[in-house]
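In the numbering used here, the protein residues as written are 87 to 462.
So, in C-alpha cells, the structure goes:
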C-alpha cells in the first residue's frame, strides 16, 4: 500500500520536474527570439507567438502547483498589453522581456533545487503569498485555516493549487503524524487533508486520536488521500472523506471541497443574514487565479466589501448586469477578450455605463495609462 502511494507521489514529482527541465530549455529558445526583435519591428507573428508561449507557461505552471512561476508568467504576459507595443517594439520592451524571461528561468531552477529561500524572496518581490502563509479565505470564510499532512512536496503543492481555486486559506503543512497531532491539539482548523501513509502516525490513526481526545478539532472534517481505500482499518475512526490517489484525484478533491463549502454556507447563512451590513460589491475580471487570491487577501480586512470573481471575460457584461457591482476591476491582458474590449462592452451598456472601472497591469507606462483613461 505504501509503495503504491510512493509511486503516485513519485510520478507527480517526476511530471513536475520534467516540465521544469523542459521549460528551462524552452526559455533559452525564447531568449534568442527576444534578442532577435528589433526596435522597429511591428507586431508580427513572432511577438504573437511569444505572447502565446507565456500564456501557456502561466496555465501549465498553475495546473502543476507552481504558483510563483505562474504569477511571474502572468506579469510577463501583461507586457504585451501595452498599447504602444502594438505600434513599436522598442528597446525598453525588449529589456523588460529579457528580465522577465530570466526571472522565469531562476524560479524554475529554484523549484528544481528546492531553494525555498530564493522562492520566498521572489514571493516578496511579486507580492505573492507563500503556500504556508495567510491567503484569502472564501467569501463564506469556510476555509480560513487548513492543515495538510503530507510528506511529498509534489502532492503538497498539488493540494495547495486545488485549494487556491476555492479562494485559498491560511495553509499549514507538516510532514509527519506526530507534528500534525501537536498542531491539532493546540490550534483550530477548518479542515484537515492528510495522506494515509505519513511517518510516525498514519492518516487514519491520526483521525482516530483527534476524534477521541477532546480538543479544538474533534469535529473538524478530515479528508484522507490514499491509493488503497480498501486497506482502511474498520476498527479505527473513518475520515469524513476518502479520496483516491489516482488520475481522478483533482476532480474528486474539488468535489469534496465544494461539498464542504456548500455545507458551511448552509450552516452560516442564517447568522450572516441576520448580522450583515450593507455590502459594496467589486467585480474582479481576471483569468489568473493567483490574482484573485491576492485581491481577496487584500480586501480581507474589509468584511463589508464583497469580491465577485470572474475568470472568463466573455461573461463579464452578463455578470455585471446580474450582480450590479459598485466597481469593476479588469486585467489588461486576458484571453479571448482583452480588458479594453471588456471595458468598451461595459460602457456601451446603458445600465452599466456609470459603473467605475479600474485596470490591473504589469507595466507603468504613462501612454498606456492615458489610453485607458481615454476609454472612460
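Where a beta carbon is used, it is the ideal one built from N, C-alpha and C, also for glycine.
Subject >> residue 291 (DSSP reduced to helix, strand or coil) >> reply: DSSP places residue 291 within a helical segment (H, G or I) once states are collapsed to three.
Original post:
Buried or exposed: residue 331, going by 16 or more other Cβ atoms within 10 Å of its Cβ?
Top reply: buried
**OP:** Go through its chain and collect everything with a Cβ distance to residue 378's Cβ below 7 Å, but skip five positions before and after it.
**Re:** Once the five neighbours on either side are set aside, the close Cβ partners of residue 378 are 370, 372, 395.
**OP:** Using the Cα positions of residue 391 and residue 243, report the straight-line distance between them to the nearest angstrom.
**Re:** 30 Å
**OP:** Using beta-carbon positions only, say whether residue 248 and residue 336 come within less than 8 Å of one another.
**Re:** Using a Cβ distance threshold of 8 Å, residue 248 and residue 336 count as a contacting pair.
**OP:** Report the three-state DSSP secondary structure of residue 372 (helix, strand or coil).
**Re:** Look at residue 372 here: in three-state DSSP terms it is coil, with no helix or strand label.
**OP:** Please report the residue range of the alpha helix (DSSP H) in which residue 266 lies.
**Re:** Looking at the DSSP string, the run of the alpha helix (DSSP H) that includes residue 266 is 263–272.
Subject >> Range covered by the beta strand (DSSP E) that runs through residue 277 >> reply: 277–281
**OP:** Could you check which residue in 237, 192, 241 has the C-alpha nearest to that of residue 287?
**Re:** Ranking 237, 192, 241 by Cα distance to residue 287 puts 237 first.
Subject >> Helix, strand or coil at residue 381 [DSSP, three-state] >> reply: helix
Original post:
Taking contact to mean at least 3 C-beta pairs separated by less than 8 Å, is the stretch 178–192 in contact with the stretch 273–281?
Top reply: no
**OP:** Please report how far the alpha carbon of residue 405 lies from the alpha carbon of residue 192, in whole angstroms.
**Re:** 39 Å
**OP:** Determine the DSSP secondary structure at residue 356, reduced to helix, strand or coil.
**Re:** Residue placement at residue 356 is poorly supported in this model, since its pLDDT is 42, which falls under 50; the coordinates are not used for a value here.
Original post:
Which of helix, strand or coil does DSSP assign to residue 390?
Top reply: coil
Original post:
First and last residue of the beta strand (DSSP E) that includes residue 260?
Top reply: Unbroken beta strand (DSSP E) run through residue 260: 256–260.
Subject >> residue 304 beta carbon less than 8 Å from that of residue 266 >> reply: no
Original post:
Hey, quick one: how far does the beta strand (DSSP E) through residue 234 stretch, first residue to last?
Top reply: 231–235
**OP:** Please determine, among 423, 436, 259, 319, the residue with the shortest C-alpha to C-alpha distance to residue 407.
**Re:** Taking the Cα of residue 407 as reference, the smallest distance to any Cα among 423, 436, 259, 319 is reached at 436.
**OP:** Report yes if the CB atom of residue 329 is closer than 8 Å to the CB atom of residue 310, and no otherwise.
**Re:** yes
Subject >> Backbone CA spacing between residue 113 and residue 403 [nearest angstrom] >> reply: 37 Å
**OP:** Evaluate residue 393 with the Cβ neighbour count: other Cβ atoms within 10 Å of its Cβ, from every protein chain shown; 16 or more gives buried, anything less gives exposed.
**Re:** Label assigned to residue 393: buried.
Subject >> Where the alpha helix (DSSP H) through residue 241 begins and ends >> reply: If you look at residue 241, you'll find it in the alpha helix (DSSP H) that goes 239–250.
Subject >> Terminal residues of the alpha helix (DSSP H) in which residue 155 lies >> reply: From DSSP, the alpha helix (DSSP H) with residue 155 extends over 153–164.
Original post:
Terminal residues of the continuous alpha helix (DSSP H) containing residue 306?
Top reply: Note, residue 306: premise wrong, no alpha helix (DSSP H); not H, not E.
**OP:** Would you mind stating whether residue 432 and residue 438 have Cβ atoms separated by less than 8 Å?
**Re:** yes
Original post:
How about residue 370: is its Cβ closer than 7 Å to a heavy atom in the ligand COA?
Top reply: The model depicted lacks the ligand COA and carries no ligand whatsoever.
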